[in-house]
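S.K.: full-length UniProt numbering applies: residue 1 is where the sequence shown begins, and numbers increase by one.
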Amino acid sequence: MLMDLAAEFVKQLNSAIGQLDTQNENHAGPIEKLADKISKTMKRCEASEDFINMLISKIEDSLKECRDVVYVRKDGNICAIVSRDIVKPNINTTSKLNIECTCLFAPFEKFEENKGYIIIDSEESLRKLDSMLENVILGVFDHDYRSFEGFSCFIGLYVPNGYIYIIDTVKFRDIIPQLRLLTCGVKKIICSQRDVDRLVKDFGSIGCYQNFNVPDSNVYIDWRIRPLNEVLCCIICSELINAVEKHNLGMAHERHQMQPTNEMNDFMNFYGVHASFRNVAEDLMKLRVYLAKKNDESLQYVMTDIQLYQLILNMPSNVDEFEFLLNRMSSILRLHVGDVLLILNQKSRMFSLESLKSKNTESCEVLSTSRGNLLEDRHCLFDSDREEACVDEDGTLFEISD
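(1) Tell me whether the stretch 76–83 and the stretch 220–227 touch, counting them as touching only if at least three CB pairs, one residue from each stretch, are closer than 8 Å.
(2) Identify every residue that forms a DSSP beta bridge with R73.
(3) Between the C-alpha atoms of R198 and S122, what's the straight-line distance to the nearest angstrom?
(4) For G272, tell me which candidate among G156, L308, V302 has the shortest Cα-Cα distance.
(5) Fully enclosed by the stretch 105–179, which beta strand (DSSP E) runs are 3 residues long or longer?
(6) Taking the alpha-carbon positions, what's the K306 to D266 distance?
(7) Quick one: any contact between the stretch 336–348 and the stretch 276–287, if contact means 3 or more CB pairs under 8 Å?
(8) To the nearest angstrom, how far is it from the Cα of E32 to the Cα of K11?
(9) Give every residue of the same chain whose Cβ lies closer than 7 Å to the Cβ of H143, excluding the five residues on either side of it in the sequence, and list them in chain order.
(10) Straight-line CA distance for Y158 to D195?
(11) Just reading off the alpha helix (DSSP H) that I235 is part of, what are its end residues?
(12) Could you round the C-beta distance between F111 and V289 to whole angstroms and report it? I think they count as a contact, below 8 Å.
(13) Decide if S331 is buried, meaning its Cβ has at least 16 other Cβ atoms within 10 Å, or exposed.
(14) What whole-angstrom Cβ distance do V136 and V186 have, given they're in contact under 8 Å?
(15) Can you tell me whether S192 is buried or exposed? The criterion is at least 16 other CB atoms within 10 Å of its CB, across all chains shown.
(16) Contact defined as beta carbons within less than 8 Å: I believe G156 pairs with I236. What is the distance between those atoms, to the nearest angstrom?
(17) Excluding the five sequence neighbours on either side, which residues of its own chain have a C-beta within less than 6 Å of the C-beta of R180, listed in chain order?
(18) Between N161 and I190, which are expected to be in contact by the criterion C-beta below 8 Å, what is the C-beta distance as a whole number of angstroms?
(19) Is it the case that the Cβ atoms of I167 and I120 are separated by a distance below 8 Å?
(20) Which of the three DSSP states is assigned to residue 405 in this structure?
(21) Using DSSP with H/G/I as helix, E/B as strand and the rest coil, what is N211?
(22) Got a sec: does the ligand SAH put a non-hydrogen atom nearer than 7 Å to the Cβ of I81?
(23) Exposed or buried, what is S15 when buried is set at 16 or more other beta-carbons lying within 10 Å of its beta-carbon?
(24) Measure the beta-carbon distance from F148 to P177 and round it to whole angstroms, keeping in mind my assumption that it falls under 8 Å.
(25) Taking just the CA atoms, how far does Y165 sit from V231?
(26) Below 8 Å between beta carbons: does that hold for I17 and A6?
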């Protein structure tokens, strides 16, 4: 089919060239050269339809991941954008910036209306853009679902001339700390406090900035999706355009200082937990942090705050009570039911996070699951390689073998 179309096109072109040749004999030389080049090109393209089909197939394969994006809608509106069978990327640790900023912030000028977006796809383009930046409105698009620390995936930059630049921070994670962008050399308005926190967590101090105190979007998006499709690019642009509109309308900027947080106090105060349970809550939180970090999972996936509160409130004494109370729990927590029970039953002296981290097999006492409230001795065996335990139906913790 492609060759037929090409042949018809060349036929019509030869006819037009013939008419020009008849009308303009003085220009026969250039036209003959053009006809000769077309003829040579036709010979090169003979039987090349298979090659063209192969190119089309490669392009379709490269876009396959983009087609596997799933849009979850509620009441006709998108509430989530996820991808099938996506793999966790390996996020390298970068050297953190340490900038002491004492700059006085000058007012920003207004930004022009949006003229489109450009995706930065090479280090050369990124460094060239960075060398030209002076004032930007910056948005961060990160991923933190089922990830211990989370990570930024994209940075969007709105520059005064109206263009938006999209930077893949997973791809250029090692390059970004070397740029002027996160120093006092570039004046930044950051879209939200969450974006500020993410930049500081990933890259350290970020120099001069102001930000808006705006609420987060209610749409969940898995920003690990690659390559970016038109919908995701439009969402990035939309957030930055909204920030520009707020700025141009004179919405007040804020400069937040990061305040130290105390997760334990926040938990105790929010749920009204009595001070007598503080040690239990602290041990459970330490266990949760260790398991989340070890498995690169989020704290809330391993054990939610509500589950933590329910355990402290009800103090289950055996596995049956534990499973009845938390009928749905993560697979990671299920493997460590015995450790949680030791903590809850005020036998935390028998539970040691250091011993859990070590690769030595240990024995520890566990409470019986007997409904007669009789205590029986049980032993908890930890596999020396995997540092995990499994719970049998009768509540006994037994060793896992590969």
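Even for Gly, the Cβ is constructed at its ideal location relative to N, Cα and C.
Just so it is clear, the structure is predicted and the values come from calculations on it, not from any experiment.
M.R.: Short version:
(1) Yes, since at least three Cβ pairs between the stretch 76–83 and the stretch 220–227 fall closer than 8 Å, the two stretches touch.
(2) Paired residues: I78.
(3) 23 Å
(4) When only C-alpha atoms are compared, the closest one is L308.
(5) Listed in chain order, the complete beta strand (DSSP E) runs (minimum 3 residues) inside the stretch 105–179 are 116–120, 135–143, 151–158, 163–168.
(6) Contrary to the premise, residue 306 reads as Ile rather than Lys in this sequence. Straight-line Cα distance between these residues: approximately 13 Å.
(7) yes
(8) 15 Å
(9) Taken in chain order, the residues that qualify are G150, F151, C153, D222, W223, R224.
(10) Each residue's alpha carbon lies about 15 Å from the other.
(11) 230–248
(12) In this structure, F111 and V289 do not form a Cβ contact; the two beta carbons are roughly 42 Å apart against a cut-off of 8 Å.
(13) exposed
(14) 6 Å
(15) buried
(16) 5 Å
(17) D130, V186
(18) Contact flag wrong, Cβ pair sits at about 20 Å.
(19) yes
(20) Nothing can be reported for residue 405, as the shown portion of the chain is limited to 1 through 402.
(21) strand
(22) Looking at this structure, you won't find the ligand SAH or any other ligand, since it has none at all.
(23) exposed
(24) So it is not a contact: roughly 21 Å between Cβ atoms.
(25) 16 Å
(26) no
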